[in-house]
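Let me begin by presenting the structure, written as structure tokens, before commenting on it.
Protein chains: 2
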Amino acid sequence: MRQAVMYAPGDVRVEQRDKPTLQHPTDAIIKVSAACVCGSDLWPYRGIQKVDEPTPMGHEYVGIVEEVGTEVTTIRPGQFVVGSFMASDNTCEICLDGYQSRCIHVEPVGAGGAQAEYLRVPLADGTLVATPSLPDEDLIPSLLAASDVLGTGWFGAVAAEVGPGKTVVVVGDGAVGLLAVLAAKQLGAERIIAMSRHADRQKLALEYGATDIVTERGDEGVAKIKEMTGGYGAHSVIEAVGTQESMMQAIRCTRPGGHVGYVGVAHEVELPGLELFFAEVHLLGGPAPVRRFLPELIDLILRREIDPGKVFDLELSLDDAAQGYTAMDERRAVKALLRP
Amino acid sequence: MRQAVMYAPGDVRVEQRDKPTLQHPTDAIIKVSAACVCGSDLWPYRGIQKVDEPTPMGHEYVGIVEEVGTEVTTIRPGQFVVGSFMASDNTCEICLDGYQSRCIHVEPVGAGGAQAEYLRVPLADGTLVATPSLPDEDLIPSLLAASDVLGTGWFGAVAAEVGPGKTVVVVGDGAVGLLAVLAAKQLGAERIIAMSRHADRQKLALEYGATDIVTERGDEGVAKIKEMTGGYGAHSVIEAVGTQESMMQAIRCTRPGGHVGYVGVAHEVELPGLELFFAEVHLLGGPAPVRRFLPELIDLILRREIDPGKVFDLELSLDDAAQGYTAMDERRAVKALLRP
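Residue numbers (the working numbering), protein chains in the order written: chain A, 843 to 1182; chain B, 843 to 1182.
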């Protein structure tokens, strides 16, 4: 089968590889309908994360179940499924608390690489959610978004305790930040301030429900948020970048007692203890437990109440995966969808 | 009046100073019945925090109201009062959310120094809580504890979302840690594991409701907690020390999705972003909003349901304040009470 493989920073190739096979009785093999390039795939692409050997890429996927192991009971061949980027048993205490991305048996689904024709999904019963019937073709981008980028933005909003009456700030206007705006709107936020300095992304943020755009960042951005919130700061702030600057901006935009949900993978971030102590904000972040939210998100998509698929502004054949990486790296695209 | 003043690390003197006077119409002057030495007073005493000039010490107090400003409406001369170590208006949005220690008009009560015969308390209506009548003499240590060390341990437990069915770990066996054990018990925790290696403190922890004692610390301590919790980690962990080691120990003892409440003043602490991200625990800490809890804590003390005053294992005349600092610095005392 064809599969996207990263050889080195800046070097993504689509090549022939063996089709994956069942390795455990709890596995499923799916035929991938669509996959995509994640902001986190750009870390190794840019050389910030090491690439030690040719590495199959991709961890976001939707597809049709081809084969299941003998112990799989809820997922059947022929079903259309959406899955989280982290495989979980969905039965351990951590999963039952809603933190499936940190399941005691967690495995990264992306180990096999989802930017491919076929994908092995471990712990299929606990990882995949099937749609009631085959979805309309035009809903596939939105369902694909649910497997990571929407689930991640949604978790950011939930972690930031977004809700009615709240003023919400979103730091970061990538696909996750934009979908955090969508999530904040769905969760009933009163005011949603998107911090963005790109016209095209501001436009989508406003479509998704942002009430205000702030173009300043760093100390100026914090001052602006304070000014807009009576000097207090926002109730809920979603951090969707993962740098030192964006984390501190998020923390400083939050009022004492408020909540920061951080979903940008925090590379090279060090939080100063004393400032954090006196900020007195709630912090929660990490890899999104997408599985917790999938049933609700799939339902919202199938009822056409949300349209997260709009974040895909570039659609390519899997064969052209390298173009997707380049376009995202150069910020010519927010997010690239790949069709095997 | 007599007052304890720190001249330099290791140099605390009791000397004559002017009695404080009303400076704002929202002030009260109280005659201090009892004050004490805080673990945080040891930071400058040990030279970790700078002492630039002779500094009046102490921020924990109970006393009798002597005089109030013209705008004070709820507090009257003659009342016995307990107050937070941070003055708050108790009317701003931050206070109404329960974070009075970060009130938009916050002032440290300790600026004037509570280890003295008299103390000026700013924002008296929002800071002080009066008891219904003069309390029995033997309850004064417990009421004094409420003004900081009990309120702080209690906040740690609330921030860690302690509740029925939860396994709770307390890192730190100083007065705050011990009272966090008491708080966890009151809040209905199922299991309370005190991490302590001092026999006298273990004894008090058990009296206050600890169900288990763990003497290991660092990686060994974390491994022990994991072993005791089915590999998952604790639901709620209270950090009551404030060092890099204790913060990391607390975070690593917590299960994904669990809660860390940190109340040790985090000096020279840096939290590694990537580890925090993958730990996926809730974090909340800071100076305790004691004012939020005072009515409930005072009530529990007056009804003799809790006895937080037991943490005072050394009682001295104010004149001997220096001995209190020395005893706590040398760990001969958990906490020293001073009588003016």
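Built from N, CA and C at the ideal position, the CB exists for glycine as well. These numbers were taken from a predicted model, which means no experiment stands behind them.
Which runs of the beta strand (DSSP E), 3 residues or longer, sit entirely within the region 1004-1028 of chain B? 1009-1013
Taking the C-alpha atoms as reference points, what is the distance between A/Met1089 and A/His1109? If I take the Cα positions, the gap works out to 11 Å.
Rounded straight-line distance, which links the Cα of A/Gln942 to that of B/Pro1150: Cα to Cα, the separation comes out at about 40 Å.
At 8 Å on the CB atoms, spell out the chain A contacts of B/Gly1127, in chain order. Leu1118, Phe1119, Glu1122
Please report the Cβ distance between A/Ala988 and A/Leu1136, rounded to the nearest whole angstrom; I am assuming they are in contact, meaning their Cβ atoms lie under 8 Å. With a contact defined as Cβ atoms closer than 8 Å, A/Ala988 and A/Leu1136 qualify at about 6 Å.
What does the Cβ neighbour count give for A/Gln858, buried or exposed, with the cut at 16 atoms within 10 Å? A residue is called buried when at least 16 other Cβ atoms come within 10 angstroms of its Cβ; A/Gln858 does not meet this threshold and is exposed.
Give the C-beta separation of A/Gly1051 and A/Val1023 to the nearest angstrom, bearing in mind that I take them to be a contact with Cβ-Cβ under 8 Å. 6 Å
With 8 Å as the threshold, decide whether the Cβ of B/Tyr1074 is near any Cβ in chain A. yes
Assess contact between the region 1126-1146 of chain B and the region 917-932 of chain B, defined as three or more Cβ pairs (one per stretch) separated by less than 8 Å. Is contact present? yes
Could you tell me which residues DSSP puts in a beta bridge with A/Arg1181? Note: A/Arg1181 sits in a beta bridge opposite A/Ser1159.
Listed by chain order, chain A residues near B/Ala1108 by CB distance under 8 Å: Gly1115, Leu1116, Leu1118, Phe1119
Examine the Cβ distances between the region 897-910 of chain A and the region 862-879 of chain A and report whether three or more of them are shorter than 8 Å. yes
Checking contacts by CB at 8 Å: is A/Glu959 closer than that to chain B? No, because no Cβ of chain B sits closer than 8 Å to the Cβ of A/Glu959.
Which residues in chain A have a C-beta closer than 7 Å to the C-beta of B/Ile1035? List them in chain order. Those within 7 Å of B/Ile1035 in chain A number zero; the least Cβ separation is about 17 Å.
So, does the region 1136-1145 of chain B touch the region 953-972 of chain A, judging by three or more C-beta pairs under 8 Å? no
Reference B/Arg1097; option with closest CA among B/Glu1172, B/Arg1173, B/Gly1072: Residue B/Gly1072 is the option with its Cα nearest to B/Arg1097.
Short of 7 Å in beta carbon distance, which residues of its chain neighbour A/Ser890, apart from the five on each side in sequence? Order them along the chain. The sequence shown places Ile at residue 890 of chain A, rather than the Ser named in the question. Here the set comprises His1109.
Among all the DSSP beta bridges, which residues are the ones paired with A/Leu1113? DSSP, once it has assigned bridges, lists B/Leu1113 as partnering A/Leu1113.
Taking the continuous alpha helix (DSSP H) assigned at B/Gln1091, which residues delimit it? Unbroken alpha helix (DSSP H) run through B/Gln1091: 1086-1095.
Using DSSP's beta-bridge definition, name the partner residues of B/Ala958. B/Gln845
Taking the alpha carbon of A/Pro1114 as the reference point, which residue from A/Ile1093, A/Lys1066, A/Arg1043, A/Val948 has its own alpha carbon closest? A/Ile1093
In chain order, what residues of the same chain lie with their CB nearer than 7 Å to the CB of A/Gly1060, ignoring the 5 residues before and after it? Excluding sequence positions up to five before and after A/Gly1060, its CB lies within less than 7 Å of the CB of Glu1087, Gln1091, all in the same chain and listed in chain order.
Could you tell me the boundaries of the beta strand (DSSP E) in which A/Gln858 lies? 853-858
Could you check the C-alpha separation between A/His866 and B/Gly1084 for me, to the nearest Å? 45 Å
Cβ shell of A/Gly1030 (< 6 Å), same chain only, five flanking positions each side left out: Gly1005, Pro1006
Under 8 Å between C-beta atoms, does A/Tyr941 make it to chain B? yes
Beta-carbon neighbours of B/Ile946, restricted to chain A and to distances below 8 Å: Within chain A, the residues near B/Ile946 are Gly1073, Tyr1074.
Under 8 Å between C-beta atoms, does A/Met1089 make it to chain B? yes
Do you know whose CA, among A/Asp931, A/Ala1025, A/Lys861, lies nearest A/Val971's CA? A/Asp931
To the nearest angstrom, how far is the alpha carbon of A/Gly982 from that of B/Cys937? Residue identity differs from the one stated: residue 982 of chain A is Ile in this sequence, not Gly. Straight-line Cα distance between these residues: approximately 47 Å.
Where A/Phe997 falls: helix, strand or coil (DSSP): Helix, per DSSP.
Short-range partners of chain A found in the region 1007-1028 of chain B, where Cβ spacing is below 7 Å: none
Show which residues of chain A have a CB atom less than 9 Å away from the CB atom of B/Ala1111. In the sequence on display, residue 1111 of chain B carries Val and not Ala. Residues of chain A with a Cβ closer than 9 Å to the Cβ of B/Val1111 are, in chain order, Leu1113, Pro1114, Gly1115, Leu1116, Leu1118, Phe1119.
When B/Gly954, B/Pro1182, B/Lys861, B/Thr969 are compared against B/Val948, the one with the closest alpha-carbon: B/Thr969
Range covered by the alpha helix (DSSP H) that runs through A/Ile1067: 1060-1070
Can you tell me whether B/Tyr849 is buried or exposed? The criterion is at least 16 other CB atoms within 10 Å of its CB, across all chains shown. exposed
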